[in-house]
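What follows is a short report on a single structure.
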Amino acid sequence: MNYYIDPLTLVTFFPVIGIVVLLFLRADQKVHARWVALITSLITFGISLAILAQFNPANPDLQMVVNIPWIQVAGWNISYFMGVDGLSILLILLTTLLTSLSILSTWTAVQDRVKEFMIFFLFLEMGMLGVFLAQDLFLFYVFWEFTLVPMYMLIGIWGGKRRIYAAIKFFLYTMAGSILMLLAILWLGIYQDTFNVPELAAMGGIPPNLQFWLFLAFGAAFAIKVPMWPLHSWLPDAHVEAPTAGSVILAGVLLKMGTYGFLRFNLQLFPIASVKLAPWVAALAVIGILYGAAVSYAQKDVKKLVAYSSVSHLGFVMLGLFALNSQGVQGGILQMINHGISTGALFLIVGMLYERRHTRDMDAFGGLWKVMPIYGALTLIVVLSSMGLPGLNGFVGEFAILLGSWGAGLPGGVLGSPWFTALAALGIILAAVYLLYMFQKLFLGPVTKEENRVLSDINWREILTLAPLIILIFWIGLYPNPFLNLMSASVDQLLNAMQTAAVAGIP
Amino acid sequence: MSLNDLLVNLNLIMPITILTAWACVLLLVDLFIPKERKGITALLAALGLLVALALVISRAGVATSAFNGMIMIDGFATFMSVIFLFSGLAGIAVAYDYLIRSGIERGEYYVLLLFSIVGMMLMAAAADLIMVFLALELLSIPLYVLAGIAVPRPDSEEAALKYFLLGAFASGFFLYGTALVYGATGSTALTEIVSATTSGGVNLSFLVIGAGLILVGLGFKVAVVPFHMWTPDVYQGAPSSVTAFMAVGAKAAGFAALLRIFVLAFPPLAMDLTPVLWALAAFTMIIGNVIAIAQRNIKRMLAYSSIAHAGYIMMALVPYGQGNVAADTVASALFYLLAYMLTSFAAWAVVIALEHNMGEGRDTDGLSLEDYSGLGQKQPALAAAMTVAMLSFIGIPPTLGFVGKFYLLRTVIEGGFPGLALIGLLTSLVSAYYYLRVVVYMYMRDGEPVVRREPWLYFTALATAVGVVVLSIFSEPLFNWASQAVLKLI
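Chain order of the listed sequences is W and Y. Plus 75 on top of the position in the first sequence (first one is 1) and you've got the working numbering. Plus 240 on top of the position in the second sequence (first one is 1) and you've got the working numbering.
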């Protein structure tokens, strides 16, 4: 008898242990509930670090694979199949880290129904980890759809004034995309006779015109999640109404499920369609970059500004992925992490301010630097990172993406025009405009409102919440190689496989 | 038929025999049970169901026919019998306290329930249209009475009368269809209908019209659009415990008959019938789900939801005529019926726990969505059970409703109807809106829900909800079992 539990199952389902403990707490044991959740998420983070230690970056294939037959009757071929590779390892770490930090950030912000909050939060972590690890389409869909439920609850119960509207919109919008993906998954399951992703990718042989439809069906689900322009309208509502911790996870991890989906499923399973549709996806991505930036600039609500900036930043990720070359895809993956760090930190920062003043209106602030110097300094770092200042993390990702898209835009590349790069670069400038505008409004100048004079600077817990993210901002910015090394083997293998398939498939 | 033959045949259908005898005996025994201790009758009825269940399971895997081929005992009948018997047990569990509270506790309630289950079990095993008709009546008549058992409450009386009139009407359709089929093929036995059809020389238009009328008759029972008009009023007016049982049992029995008749006797007519079934399924899903959005009364909402789910199951029937898909048609419909049964009882148990102010000559209360406000905080267990039920109805994993829908959709796509699958999925999206509204009230609004704390209700709600989640994760045995329940001519 082998009592060894494989690490991927352990990391995915460890939060359930915390949930079980939480169920035994009374509703008024708020502090206990917080500690249970925090410790659970920290242990989960620890397990993910152990997975990183075991992970071999030189191996491009799935590692630590667990593949157990699940439903193998009546013509079904479904397995409990999990694995991690260079495409997903960083997202696992991002998920577990941000979950811990988010829980830490709720220490004083969430006072109402703490126990339930933590239960839903840990369920959410389980779902997200499952999405990134599942290598069987059925299993993937189960996790994918399941994440909706806890997020819906988080927004709907602990959100702002229009929380119910935002929660239902979030749920229905996302589910609408998932439905099309489910059809495509069923099609693959019936006609390719397996739900096993690597097998499906290796099998190939889907006719190009069908690949086109399947790409769109999967793409609909992922594009809504990313969200790509013009399918983004659920995002500002969900973000603005969600509690701080919910926004952090929503922006930091849930949106990545969309971009990751494109990377893992669309590129691998439908290579011909991916190559053919790359310019269209890139066009939408660039529109998203510019549109998100422009709308951000128009916002009065800080949280809404950050929310729209996600549309812009995720546009970069999509542009990088669909450059379909090594720099672009690596930059795209790194930018997913960067966005999780920077925007996650921005939402935390907005949350800290909101907790003190119960408003997010930019006009209500001004000159905060004088009142809260530590807070101001940390915010400045995060803002600079988000707008891509060299030496900080945002720059590395965005530069690689622009480089990749330039290469893909040259004759013979998939994008066919360097204009994508030029317009995307404009997006970087716009990012500087709206982010610095926000920073100036909040922090610089004289203190305009009397009630702001008495605000307390951030405390140790809040510094502790931000510190890991600040460290990562500098680390990735100054020395990104360890991060890129983790993914490069898998990315190269993916691109080689795509090239072979596309060359074979396009007459 | 000699006495010996009779005994042999009765032995072949032992679970049904026992249950019938038990129900008759119970009717007499009940006379000697004092009025304030009718719980004993409930217990005895449940005991009878458990014995029958044990017999059904112990005989699983046997495939045989009885009474000159009028009855077929096979994997299909076994699977359905288990569903009916479980519905009966859950039906008693949710009824016991409810009847006392409503002041309508009578021993006959449980006896009628048993007779209805006998009818359902016969329906699933019937291999002859005459037998189907008898079973249909046997299951329906006790339900007509049960719907009106809250007399003199006007809405209960109205429900009973409406159900009876439309049910009788539907029976007429069924019988006329049977007559036409008999006229065309010279037989009412399913095996002979199909052999007569394939050997040629039958009047095809009579046969198709006959099949269509049979579809109408059973369509009333399972409540597919446009034969659904009675459902909301009857579901709302009947006592909730009856509604819960009816929504599962009667619907499952109707589908059992539809599946057996269509898959066994009418595959040669698939060309004509498939478009009809397609339209029925599509309209049922669309209309059921869209009208449910407008409902504020939870019983009415669940009534429309049950109509919509009839549409989902109907989807599986559309490709029934394709030899390679027919097995999946049956298996996926059975699987979904099982999922629907568990999910429904989870939901209805919660509804019954919240219903109050009954039997005082005024309208029932605790049934509007507002009455669910704050349930998530005051009664977390019940709210969780209801949430699981709602998610399962939508088809969100990890619930049995999701796995069941997945299976149904696979059947439909395999049969070559991706458009219908898309309609099924889009209507699920619509349904998410009104199912989630219940969750919104329970968790996102404050209130003081009035809840009846009664162990059997809690047990039913929680056990079925846990079953919905756990069985969805360990669903392989269920898949296996459902896929063995193929319909074959013996």
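Glycine is no exception: its CB is placed at the ideal position from the N, C-alpha and C atoms.
The beta carbon of F218 of chain W sits closer than 9 Å to some beta carbon of chain Y. Looking from the CA of I265 of chain W, the closest CA among W:N341, W:I153, W:L199 and W:Y248 belongs to W:I153. Look at T318 of chain Y here: in three-state DSSP terms it is helix.
The DSSP-derived three-state label of I546 of chain W is helix.
Contact note: G482 of chain W does not reach chain Y at a C-beta cutoff of 8 Å; the least C-beta distance is about 39 Å. For G463 of chain W, no Cβ of chain Y is located within less than 9 Å of the residue's own Cβ. A check of alpha carbon separations from L179 of chain W across W:I143, W:R238, W:E220 and W:A108 identifies W:A108 as the nearest. For the region 315-338 of chain Y, no residue has a beta-carbon sitting nearer than 7 Å to a beta-carbon of chain W. With a threshold of 16 other beta carbon atoms within 10 Å, H433 of chain W falls short and is exposed. Closest option to M254 of chain Y, judged by alpha-carbon separation, among Y:V488, Y:V442 and Y:V358: Y:V358. The CB of F340 of chain W never comes closer than 8 Å to any CB in chain Y; the least such distance is about 17 Å. Taking 9 Å as the threshold, the shortest C-beta distance from V350 of chain W to chain Y does not fall below it. Annotated as distal: M486 of chain Y and A330 of chain Y, with beta-carbon spacing of 9 Å or more. Sequence-ordered contacts of the region 113-145 of chain W with chain Y read W145 [C-beta pairs closer than 8 Å]. When DSSP states are grouped into helix, strand and coil, H433 of chain W belongs to the coil group. DSSP, reduced to helix, strand and coil, places M447 of chain W outside both helices and strands of the structure shown, so it counts as coil.
The Cβ-Cβ distance between F89 of chain W and I118 of chain W falls below 9 Å.
In the structure shown, I153 of chain W falls within a strand segment according to DSSP collapsed to helix, strand and coil. Closer than 9 Å to the CB of W182 of chain W there is not a single CB belonging to chain Y.
Between F422 of chain W and the set W:S461, W:G390 and W:L409, the nearest pair of CA atoms involves W:S461. In the DSSP assignment, T115 of chain W falls within the unbroken alpha helix (DSSP H) covering K105 to Q129.
As the crow flies, the alpha-carbon of I332 of chain Y is around 11 Å from that of L284 of chain Y.
Under the 8 Å Cβ criterion, the region 362-382 of chain Y does not count as touching the region 276-295 of chain Y, having fewer than three qualifying pairs.
Among the bridge pairs identified by DSSP, P144 of chain W is matched with W:S154. Listed along chain Y, the residues sitting closer than 8 Å to L258 of chain W by beta-carbon distance are L649, I653, P658, A661, L662 and L665. In the DSSP assignment, T523 of chain W falls outside any alpha helix (DSSP H), carrying neither H nor E. When Y:I653, Y:G664, Y:A521 and Y:R693 are compared, the shortest CA-CA separation from A621 of chain Y is found for Y:R693. The beta carbon of L669 of chain Y sits closer than 9 Å to some beta carbon of chain W. By the criterion of a C-beta distance shorter than 6 Å, L374 of chain Y is surrounded by no residue of its chain, once the five residues flanking it on both sides are discounted.
For M525 of chain Y, the enclosing alpha helix (DSSP H) starts and ends at A510 to I533. DSSP, reduced to helix, strand and coil, places A366 of chain Y within a strand of the structure shown. Our two residues, L85 of chain W and R299 of chain Y, have alpha carbons roughly 41 Å apart in a direct line. CA-CA distance, L718 of chain Y to S572 of chain Y, rounds to 11 Å. DSSP, read as helix, strand or coil, puts H468 of chain Y in coil. Rounded to whole angstroms, the Cβ separation of V301 of chain W and T249 of chain W is 11 Å, and the two are not in contact under 8 Å.
Using a Cβ-Cβ cut-off of 9 Å, V679 of chain Y counts as an interface residue toward chain W, since at least one Cβ of chain W sits closer than that to its own.
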